[in-house]
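Numbers given in this note's numbering equal positions in the sequence shown, counted from 1, plus 219.
No residue lacks a Cβ here, since even glycine has one placed at the ideal position from N, Cα and C.
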Amino acid sequence: MKKLIFVVNTIAIFVFASCTSSVKMVEVKSHGETMGSDFNITYLDSAGRDVSGALDSLLLEFNAIFSTYDSTSVISQFNDSDTGIALIGSNLEWFTRLMIAADSVYQYSHGAFNPAVAPLVKYWGFYGKQKSLEVDASQKTIDSLLVIAQWENIYQYNQFLKKKNPKARLDVNAFAPGFAADLLGEFLEYNNIHNYLIEIGGEVRARGVNANKHNWTVAIMQPEELSKQYISTIALQNKALATSGNYNKYVMVEGKRYGHTINPHTGYPETNNLLSATIITDEGIYADAFATACMVMGFENAKQFVENNASLQAYFIYTDAEDKMQTWYSSGLKDLVEERKN
220 MKKLIFVVNT
230 IAIFVFASCT
240 SSVKMVEVKS
250 HGETMGSDFN
260 ITYLDSAGRD
270 VSGALDSLLL
280 EFNAIFSTYD
290 STSVISQFND
300 SDTGIALIGS
310 NLEWFTRLMI
320 AADSVYQYSH
330 GAFNPAVAPL
340 VKYWGFYGKQ
350 KSLEVDASQK
360 TIDSLLVIAQ
370 WENIYQYNQF
380 LKKKNPKARL
390 DVNAFAPGFA
400 ADLLGEFLEY
410 NNIHNYLIEI
420 GGEVRARGVN
430 ANKHNWTVAI
440 MQPEELSKQY
450 ISTIALQNKA
460 LATSGNYNKY
470 VMVEGKRYGH
480 TINPHTGYPE
490 TNNLLSATII
500 TDEGIYADAF
510 ATACMVMGFE
520 NAKQFVENNA
530 SLQAYFIYTD
540 AEDKMQTWYS
550 SGLKDLVEER
560 KN
């Protein structure tokens, strides 16, 4: 996660007409950088308030707690400790929410999502900028790291975040952007702003409608490195959306490409036919975490998993037996997905 830089703020005025009166809605847009990714926020407010400064401060506080790239952050202090740390203030409130969500998705996905996988993420080189490296991928080494990377090694007891293994480390990068989007959305709603779209690194939280009084629409991109082509769009009705894929972040080991999704069961980067997993649910933190879990499961298992969980909707891009790219989406998205016409 990188330090946030707030770049620009723009305002436009729209009119929502009704039978008896018209209400001027001011559209406010802000974008910048946080957690190493771009963010974009659009909201409608009849008072035309600019709350970008408060959103900026909230994201800075979020980074100070959860950034694994900041050696002074709260999570870095925990990872560097032998037994754990005490949590206070927003540290306690936000970590409690994060740990509850993490444990819920871990249990629900049968360990496909595991934020304790950090030692393996580091081992495979996904914390660095180097694309090519040498890795001693011996089973003995992997097995020793799997012992450390057990979710049971990290737990919260009252105001304390604790470790059972001194080498255990917590990695929240797989669902921190979704959680940050939730916190920003809750701030807007607390300030009586109920029509907004928040996007952080591709993870989205949408509420209400846009300036045209339609559902907010999000594009699903082609699963190719640096691709700017979209494959379809999804209309969001008071939902959060998150996409996980292996096409933009990878390392080369002895000429073989490894995507950044680590299988917590094997200790190796997961390779299967699921290219991109988009999950839609109520909260960003859960959408983000379940998208990661689905990438570990692979297409068929992820499809069955979503179909058995009514609170989740999904849009998957995968390769078939002939290595051709295909798409699938759950029944709840039938009237919300629009495939791109070539």
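Chain-order list of residues whose beta-carbon lies under 7 Å from that of residue i (same chain, five-residue window excluded)
| i | result |
| --- | --- |
| residue 458 | 425, 499, 500, 501 |
| residue 402 | 277, 281 |
| residue 362 | none |
| residue 315 | 375 |
| residue 369 | 335 |
| residue 412 | 262, 264 |
Straight-line Cα distance separating residue j from residue i
| i | j | result |
| --- | --- | --- |
| residue 534 | residue 428 | 22 Å |
| residue 483 | residue 388 | 14 Å |
| residue 311 | residue 379 | 8 Å |
| residue 351 | residue 433 | For residue 351, the predicted structure reports a pLDDT of 47, less than 50, and the residue's modelled location is therefore unreliable. A value from the coordinates is still provided. Going from the Cα of residue 351 to the Cα of residue 433 covers about 46 Å. |
| residue 441 | residue 307 | 42 Å |
| residue 575 | residue 373 | There is simply no residue 575 to check, as the chain begins at 220 and stops at 561 in what is shown. |
| residue 538 | residue 517 | 11 Å |
| residue 435 | residue 262 | 11 Å |
| residue 364 | residue 394 | 22 Å |
| residue 338 | residue 297 | 14 Å |
| residue 324 | residue 270 | 32 Å |
| residue 255 | residue 333 | 22 Å |
| residue 356 | residue 464 | 23 Å |
| residue 527 | residue 267 | 43 Å |
| residue 293 | residue 318 | 14 Å |
| residue 253 | residue 286 | 10 Å |
| residue 543 | residue 492 | 10 Å |
| residue 313 | residue 419 | 18 Å |
| residue 455 | residue 414 | 12 Å |
| residue 541 | residue 510 | 25 Å |
| residue 410 | residue 248 | 16 Å |
| residue 229 | residue 407 | With a pLDDT of 45 at residue 229, under the threshold of 50, the modelled position of that residue is not reliable, and no figure is offered here. |
| residue 490 | residue 329 | 18 Å |
For residue j and residue i, believed in contact at Cβ under 8 Å, the rounded distance
| i | j | result |
| --- | --- | --- |
| residue 400 | residue 503 | 4 Å |
| residue 567 | residue 480 | With the chain running from 220 to 561 in the structure shown, residue 567 is simply not present. |
| residue 260 | residue 274 | 7 Å |
| residue 512 | residue 397 | Wrong, their Cβ atoms sit about 13 Å apart, outside the cutoff. |
Beta-bridge partners of residue i, as assigned by DSSP
| i | result |
| --- | --- |
| residue 374 | 381 |
| residue 424 | 417, 459 |
| residue 556 | 453 |
| residue 495 | 464, 536 |
| residue 546 | 536 |
| residue 313 | Answer is none; residue 313 lacks a bridge partner. |
| residue 303 | 381 |
| residue 436 | 454 |
| residue 490 | According to DSSP, residue 490 bridges with nothing at all. |
| residue 481 | 488 |
| residue 500 | 459 |
Residue closest to residue i, alpha-carbon to alpha-carbon, out of the options
| i | options | result |
| --- | --- | --- |
| residue 335 | 361, 313, 371 | 371 |
| residue 448 | 548, 277, 560 | 560 |
| residue 327 | 525, 452, 411 | 525 |
| residue 243 | 264, 558, 257 | 264 |
| residue 522 | 549, 506, 323 | 549 |
| residue 295 | 391, 249, 359, 273 | 391 |
| residue 451 | 258, 363, 555 | 555 |
| residue 303 | 375, 292, 250, 249 | 375 |
| residue 558 | 491, 541, 453 | 453 |
| residue 359 | 530, 486, 529, 497 | 486 |
| residue 309 | 344, 279, 410 | 279 |
| residue 377 | 299, 291, 305 | 305 |
Cβ shell of residue i (< 8 Å), same chain only, five flanking positions each side left out
| i | result |
| --- | --- |
| residue 301 | 382, 385 |
| residue 239 | Low per-residue confidence applies at residue 239: pLDDT is 37, beneath 50, and the placement is therefore not dependable, though the value from the model is reported in the following sentence. Counting only Cβ-Cβ distances below 8 Å, and skipping sequence neighbours, we find nothing. |
Cβ neighbours of residue i in the same chain (closer than 6 Å, five flanking residues each side left out)
| i | result |
| --- | --- |
| residue 237 | Because the pLDDT at residue 237 is just 37, under 50, the model does not fix this residue reliably, and the point stays unresolved. |
| residue 552 | 532 |
| residue 423 | 437, 460 |
| residue 536 | 442, 494, 495, 546 |
| residue 417 | 260, 400, 403, 404, 424 |
| residue 421 | 462 |
| residue 508 | 324, 332, 394 |
| residue 530 | 500 |
| residue 321 | 334 |
Residue i at chain D interface by Cβ criterion, 9 Å
| i | result |
| --- | --- |
| residue 270 | Going by chain labels, chain D is absent from the structure shown, which holds only one protein chain. |
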